[in-house]
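Engineer: In this text, residue positions in the sequence shown follow my numbering: the first is 4, and each later residue adds one.
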Amino acid sequence: MTPQAQEIEKQKDEIKAEIVTVFKANMKIFDWDIPENDDRKSAELIIDAMQEAIDEIKTDINAGKYDNY
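#1: Is it the case that the region 28–44 contacts the region 11–19, given that we only count it when at least three CB pairs across the two stretches are under 8 Å?
#2: Can you give me the Cβ contacts of ASP42 inside the same chain, cut-off strictly under 8 Å, excluding the 5 residues immediately before and after it?
#3: Tell me whether ASP58 sits in a helix, a strand or coil according to DSSP, three-state version.
#4: Could you tell me which of THR62, ILE64, LYS27 sits nearest to GLU47, measuring between CA atoms?
So this is what it looks like as structure tokens:
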């Protein structure tokens, strides 16, 4: 197993938890800011924005932006 594979095994649960925390924090903000909020629609919009950010990071990785981070 590579050092990177070993490290991701140690950190994977924490990374997932951090993503869930960001998602839930944004759900709360939508609820505070929008009376009669449609939670399902908000969740879909938030996850779309999060996916867009992940896709941008993947593009940057493929372009070599993190080769010497």
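Note that the Cβ used here is the ideal one computed from N, Cα and C, for glycine as well.
On a predicted model such as this, the values are computed, not experimentally measured, just so you know.
Structural biologist: Concretely, from the data shown:
#1: Contact between the region 11–19 and the region 28–44 is absent: fewer than 3 CB-CB pairs across the two stretches fall below 8 Å.
#2: As a working mapping, residue 42 is identified with position 39 in the sequence shown. These residues qualify, in order along the chain: MET30, PHE33, ASP34.
#3: Counting from 1 along the sequence shown, the entry for residue 58 is found at position 55. If DSSP states are grouped into helix, strand and coil, ASP58 belongs with the helices.
#4: Position 44 of the sequence shown, counting from 1, holds the residue named residue 47. Of THR62, ILE64, LYS27, the residue nearest in Cα terms is LYS27.
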